[in-house]
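K.L.:
Chains as they are written, first to last, in my numbering: chain H, 156 to 568; chain S, 15 to 315.
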């Protein structure tokens, strides 16, 4: 009996070893994602994307680290210095991406990107991710900023949703007279202020001249009356009391709370903000293009594919990392659009359940142009400067003219 | 054992690993940073000698201009150092004296004052942020006082001062505990003798207790000064993103946001030098006093 038991155990052990040896170990990839907070509009779609990946690619195991967006930006820069970026990671496009491309941290994806894959992307999707003909990122969303209006408050106080800048000034004055703060703004994070100034100046300067400045084209200049007028229009909003008294010390998160609570009627924000609106708020909010100025640039938009997934240049598994990168970008594009977190960067059959997102998608499709935000198109110290200078305008420590002078320094003048 | 320790070679063998390790993680990086600070802007990974620009970054650092926040940042760090030395340390000393002289509930108060030290600076900053953005304006409004324009943390006149408060508050307990420990180690008979001679209260504190814990005061002063020049976390969390109101903040933004590695290296070297100069000055100051006292004592005897 004992002998029989020993034989059975030995056979079982042998079978166990054989099965272990034959089971192929999955390739493990480290992935860095933002959207660590449960409230982030892109969080649920990303979890769905990861579940889909796990099912579709059992041969690749993704170990995901979640970060808050700003924290990841700092962490990513630090990891890049020691060549230890994760295999696949979220990153901004434009100048922010160029920082890591120029230091040799990101893998060019040209060898992997077949025409078939490129055809699945929307037109011009890779423009902000391509440097010297090499593609360093795959977008998961198309972005834009617009004016979110709480129609309930507009109706309550009998104010018209502004279509022109003068109507915007009138709306601000009407809300102020009613004791309501007209526009939300988280100036402490700096970039939310850029959302306002980029759109206002775009209406005065136009896509072509603004693009020349943000991409530092030869002959471009901020020292024009149009730039001054654009910043002066923003200054006028400040002087009219459009923003909360302490807007400059608020973070983006803090500034959103009164808007979510239905206390503030207007907010200029990215399209992703619509995904953070509750189902109830989605019925009240109307997303419109920023008011017109009448200089011929009124259907131009700020944005474009500005975020995506990249592969570290030093990954040990470039083939698998590309598979993961493409899958995450494409599926997040679908899943994000489906739940209203973002506009798709890949061609899709998916329908969005968020009415606000549908309004934005429709208007952007009819828009004349999309220009990447100044702080994203510019890189390094220039990007920091455009954030610091609009902060100073908001604080009232510099004038619109001085803003133009300060920005002119990016051309080395 | 005595024979081993008297052998210089043995001592060297024991000390060598630590010296090598310290050289590798502290001395070499400092000199490497110094080298980078003398180069033109290049990725820090390269460090090519053909980009040598000498002291250009150091000159830029102190060239006045609206868009050069570094000189202002240095002034702010000196202000913080002054606040630490003239407000934080005396306050810590006051609490330490009260507790060491046998106040009721000594243990409870000692632990309570020390609690902020063990809390993360980020948590402390977030708590104070809530106070500045929420409770404080409410109190001001209820008292019909005017809240500063742009809020407490947005107003250029108030924000830097208010960003100092949390770390000043947080480390009161740390210095208090060091001083308290030193005060408690003063022999009882010294205190008794002074009391018999009629010393009490302030006289006992200023004539007996404080002079006797001077080595610990020197430690506290050094920590306080060096901490002031390196202050980073509280203003980083409390104030606007990528602010450059202190040298360490400026260095961080130049390095990780602006990718000006060489310029950031120059600022890092300045911070190291600043800490070094003030620490040496402090040592000289205390040594001179010690020597003067020793000389006076010798003359008396």
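Cβ coordinates follow ideal geometry from the N, Cα and C atoms, glycine included.
Source: prediction; values computed, not measured.
Of all the CB atoms in chain S, is at least one closer than 8 Å to the CB of residue 561/H?
P.N.:
Counting from 1 along the first chain, the entry for residue 561/H is found at position 406. With respect to chain S, the C-beta atom of residue 561/H has a partner C-beta closer than 8 Å.
K.L.:
Going along chain H in order, which residues have a C-beta closer than 8 Å to the C-beta of residue 267/S?
P.N.:
To locate residue 267/S, count along the second chain from 1; it is residue 253. Residue 267/S reaches chain H at 539, counting residues in chain order whose Cβ is nearer than 8 Å.
K.L.:
Identify the contact partners of residue 248/S in chain H, using a Cβ-Cβ distance below 7 Å as the criterion.
P.N.:
For the purposes of this step, residue 248/S is taken as the residue at position 234 of the second chain. By Cβ distance, chain H contributes nothing, its closest Cβ being about 15 Å from residue 248/S, past 7 Å.
K.L.:
Distance, Cα to Cα, residue 359/H vs residue 243/S?
P.N.:
In the first chain, counting from the first residue as 1, residue 359/H sits at position 204. In the second chain, counting from the first residue as 1, residue 243/S sits at position 229. Near 45 Å, if we compare the C-alpha coordinates of residue 243/S and residue 359/H.
K.L.:
In terms of residue numbering, what span does the alpha helix (DSSP H) encompassing residue 311/H cover?
P.N.:
What you label residue 311/H is simply residue 156 of the first chain in a count that begins at 1. From DSSP, the alpha helix (DSSP H) with residue 311/H extends over 306-311.
K.L.:
Does residue 401/H come within less than 8 Å of chain S when only Cβ atoms are used?
P.N.:
The residue labelled residue 401/H in the question sits at position 246 within the first chain. True, the Cβ-Cβ gap to chain S drops below 8 Å.
K.L.:
Can you look up residue 90/S in the DSSP assignment and give me helix, strand or coil?
P.N.:
Taking the second chain and counting its residues from 1, one reaches residue 90/S at position 76. In this structure, residue 90/S counts as helix in the three-state DSSP scheme.
K.L.:
Start and end of the beta strand (DSSP E) containing residue 424/H?
P.N.:
Residue mapping note: residue 424/H aligns to position 269 of the first chain, counting from 1. Unbroken beta strand (DSSP E) run through residue 424/H: 421-425.
K.L.:
Please classify residue 36/S as buried or exposed, where buried requires at least 16 neighbouring CB atoms within 10 angstroms.
P.N.:
Position 22 of the second chain, counting from 1, holds the residue named residue 36/S. Result: exposed.
K.L.:
State yes or no: is the beta carbon of residue 247/H nearer than 8 Å to at least one beta carbon in chain S?
P.N.:
By 1-based counting over the first chain, the position of residue 247/H is 92. Not an interface residue.
K.L.:
For residue 392/H and residue 510/H, what's the separation of their Cα atoms in angstroms?
P.N.:
For the purposes of this step, residue 392/H is taken as the residue at position 237 of the first chain. For the purposes of this step, residue 510/H is taken as the residue at position 355 of the first chain. Looking at the two C-alpha atoms, the distance is approximately 29 Å.
K.L.:
Can you grab the Cα-Cα spacing for the pair residue 229/H / residue 268/H, in whole Å?
P.N.:
Here residue 229/H refers to the residue found at position 74 of the first chain. Here residue 268/H refers to the residue found at position 113 of the first chain. Their Cα atoms are separated by approximately 29 Å.
K.L.:
Curious, which full-length beta strand (DSSP E) runs of at least 3 residues does the segment 466-528 of chain H contain?
P.N.:
If we require 3 residues or more, the beta strand (DSSP E) runs fully inside the segment 466-528 of chain H come out as 524-526.
K.L.:
Starting from residue 159/S and walking both ways along the beta strand (DSSP E), at which residues does that stretch end?
P.N.:
Residue 159/S sits at position 145 when you count from the first residue of the second chain. No beta strand (DSSP E) contains residue 159/S, which DSSP labels as neither H nor E.
K.L.:
Let me know if residue 409/H comes out buried or exposed under the rule of 16 or more other beta-carbons within 10 Å of its beta-carbon.
P.N.:
Position 254 of the first chain, counted from the first residue, corresponds to residue 409/H. Classification for residue 409/H: buried.
K.L.:
Around the Cβ of residue 137/S, are there at least 16 other Cβ atoms within 10 angstroms (buried) or fewer (exposed)?
P.N.:
Counted from its first residue, the second chain places residue 137/S at position 123. Residue burial annotation: residue 137/S is exposed, with fewer than 16 other C-beta atoms found within 10 angstroms of its C-beta.
K.L.:
Quick one: is residue 167/S near chain H, going by C-beta distance under 8 Å?
P.N.:
The residue you call residue 167/S lines up with position 153 of the second chain. Residue 167/S counts as touching chain H.
K.L.:
By the three-class DSSP mapping on this structure, what secondary structure does residue 26/S have?
P.N.:
The residue given as residue 26/S occupies position 12 in the second chain. Helix at residue 26/S.
K.L.:
Taking its Cβ as the centre, do 16 or more other Cβ atoms sit within 10 Å of residue 27/S, making it buried, or is it exposed?
P.N.:
For the purposes of this step, residue 27/S is identified with residue 13 of the second chain, where counting begins at 1. Its Cβ having fewer than 16 others within 10 Å, residue 27/S is exposed.
K.L.:
Which residue comes first and which comes last in the alpha helix (DSSP H) that contains residue 413/H?
P.N.:
Along the first chain, one-based indexing puts residue 413/H at 258. That run of the alpha helix (DSSP H) goes 407-415.
K.L.:
Could you give the first and the last residue of the continuous alpha helix (DSSP H) run that contains residue 438/H?
P.N.:
Residue mapping note: residue 438/H aligns to position 283 of the first chain, counting from 1. For residue 438/H, the uninterrupted alpha helix (DSSP H) run begins and ends at 434-439, by DSSP.
K.L.:
Within the 8 Å Cβ cut-off, does residue 542/H reach chain S?
P.N.:
What you label residue 542/H is simply residue 387 of the first chain in a count that begins at 1. Chain S, which has a Cβ nearer than 8 Å to the Cβ of residue 542/H, makes this yes.
K.L.:
Give the residues from the segment 263-292 of chain S that approach chain H closer than 7 Å (Cβ to any Cβ), ordered along the chain.
P.N.:
267, 270, 271, 272, 273 and 274
K.L.:
For residue 125/S, which of helix, strand or coil comes out of DSSP?
P.N.:
In the second chain, counting from the first residue as 1, residue 125/S sits at position 111. Helix at residue 125/S.
K.L.:
Whole angstroms are fine: how far does the CA of residue 424/H sit from the CA of residue 347/H?
P.N.:
Within the first chain, numbered from 1, the residue matching residue 347/H stands at position 192. Within the first chain, numbered from 1, the residue matching residue 424/H stands at position 269. Looking at the two C-alpha atoms, the distance is approximately 7 Å.
K.L.:
Mind pulling the chain H residues with CB within less than 8 Å of residue 254/S?
P.N.:
For the purposes of this step, residue 254/S is identified with residue 240 of the second chain, where counting begins at 1. Residues of chain H passing the Cβ test: 342, 343, 344, 345, 403, 404 and 546.
K.L.:
Within the 8 Å Cβ cut-off, does residue 408/H reach chain S?
P.N.:
Working through the first chain from its first residue, we reach residue 408/H at position 253. No, because no Cβ of chain S sits closer than 8 Å to the Cβ of residue 408/H.
K.L.:
Alpha carbon to alpha carbon, how far is residue 316/H from residue 260/S?
P.N.:
Position 161 of the first chain, counting from 1, holds the residue named residue 316/H. Position 246 of the second chain, counting from 1, holds the residue named residue 260/S. The straight-line gap from Cα to Cα measures roughly 44 Å.
K.L.:
For residue 81/S, return the contacting residues in chain A, with the cut-off set at a CB-CB distance below 9 Å.
P.N.:
In the structure shown, chain A does not exist; the protein chains are H and S.
K.L.:
Alpha carbon to alpha carbon, how far is residue 556/H from residue 78/S?
P.N.:
Residue mapping note: residue 556/H aligns to position 401 of the first chain, counting from 1. Residue mapping note: residue 78/S aligns to position 64 of the second chain, counting from 1. Each residue's Cα considered, the two are about 20 Å apart.
K.L.:
Quick one: what's residue 462/H bridged to in DSSP?
P.N.:
To locate residue 462/H, count along the first chain from 1; it is residue 307. Paired residue(s): 247/H and 296/H.
K.L.:
Along the segment 144-168 of chain S, what residues have a CB closer than 8 Å to any CB found in chain H?
P.N.:
146, 147, 151, 161, 163, 164, 165, 166, 167 and 168
K.L.:
Please tell me whether residue 78/S has its Cβ less than 8 Å away from any Cβ of chain H.
P.N.:
Mapped onto the second chain, residue 78/S falls at position 64. It does not; no Cβ of chain H falls within 8 Å.
K.L.:
Output the distance between the C-alpha atoms of residue 47/S and residue 178/S, rounded to the nearest integer angstrom.
P.N.:
Here residue 47/S corresponds to residue number 33 of the second chain, with the count starting at 1. Here residue 178/S corresponds to residue number 164 of the second chain, with the count starting at 1. About 28 Å.
K.L.:
Would you identify the three-state DSSP class for residue 239/H, choosing helix, strand or coil?
P.N.:
If you number the first chain from 1, residue 239/H lands on position 84. In the structure shown, residue 239/H sits in coil (DSSP, three-state: anything other than H, G, I, E or B).
K.L.:
Residue 225/H and residue 168/S: beta carbons closer than 8 Å?
P.N.:
On the first chain, residue 225/H is found 70 positions in, with the first residue counted as 1. On the second chain, residue 168/S is found 154 positions in, with the first residue counted as 1. By the CB criterion at 8 Å, residue 225/H and residue 168/S fall outside the cutoff.
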